[in-house]
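A.B. asks: With the working numbering applied, the sequence shown corresponds to residues 363 to 489, in that order.
Sharing a structure, written as structure tokens. Questions coming.
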Amino acid sequence: MPKQVPVEVLESFDAKMEEIKEFMLRQDVYSAARRGTALEEEAYDLFVRLSSFPHLGHEYNPRILPRDVDAQQDLEWARKVKENLGSDELLEISLQDYNILYLYSETGLLILSIRHQRSNSYKPADL
């Protein structure tokens, strides 16, 4: 069995998850709670797998068009987080219709954020 590394979920992930659940509520009030809970449960199941296999994701390398200001700001935010936390690898992994951004180093995993695949930004609105 592979050695497990500790996983820490940052506030930025929680903030984006709340934004997603609010969107689900606006989309369909009747199924929002079920869909939000299911997404959270699947995300946390994924974090358990990532603790044993941190390289399941791929390197985060967004394609940014020169005029895509949101994506440029998002990339700058992710770089600052990476520098501040002193991580080696910035990775991304898919879950349903969402992508999860995380940092990996030998000391552990930091779960940074989640976004819908059609969204440009990982950065929470309030950060």
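All C-beta atoms, glycine included, are put in the ideal place defined by N, C-alpha and C.
Keep in mind that this is a model prediction, so the values were computed, not measured.
Can you give me the Cβ contacts of Leu489 inside the same chain, cut-off strictly under 8 Å, excluding the 5 residues immediately before and after it?
C.D. replies: The pLDDT assigned to Leu489 is 47, lower than 50, so where the model puts this residue is not dependable; a value taken from the coordinates is nonetheless given after this. So the qualifying residues of the chain are Ser374, Ala377 and Trp439.
A.B. asks: What does the Cβ neighbour count give for Asp436, buried or exposed, with the cut at 16 atoms within 10 Å?
C.D. replies: buried
A.B. asks: Just to confirm, are Leu452 and Lys444 a CB contact at a threshold of 7 Å?
C.D. replies: yes
A.B. asks: Measure from the alpha carbon of Leu411 to the alpha carbon of each residue in Ile473, Pro424, Leu447 and Asn446, then state which is nearest.
C.D. replies: Residue 411 is actually Arg in this sequence, not Leu. In terms of Cα proximity to Arg411, the closest of Ile473, Pro424, Leu447 and Asn446 is Ile473.
A.B. asks: Taking 7 Å as the threshold (C-beta atoms), are Tyr464 and Leu457 in contact?
C.D. replies: Taking 7 Å as the Cβ cut-off, Leu457 and Tyr464 do not qualify as a contacting pair.
A.B. asks: Anyone know if the C-beta pair for Ser413 and Val369 falls short of 7 Å?
C.D. replies: yes
A.B. asks: Taking only runs that begin and end inside the stretch 407-488, name each unbroken beta strand (DSSP E) of 3 or more residues, in chain order.
C.D. replies: 451-457, 460-467 and 470-478
A.B. asks: If distances are taken between C-alpha atoms only, which option among Ile462, Thr469 and Pro424 comes closest to Arg477?
C.D. replies: Per the C-alpha coordinates, the member of Ile462, Thr469 and Pro424 positioned closest to Arg477 is Ile462.
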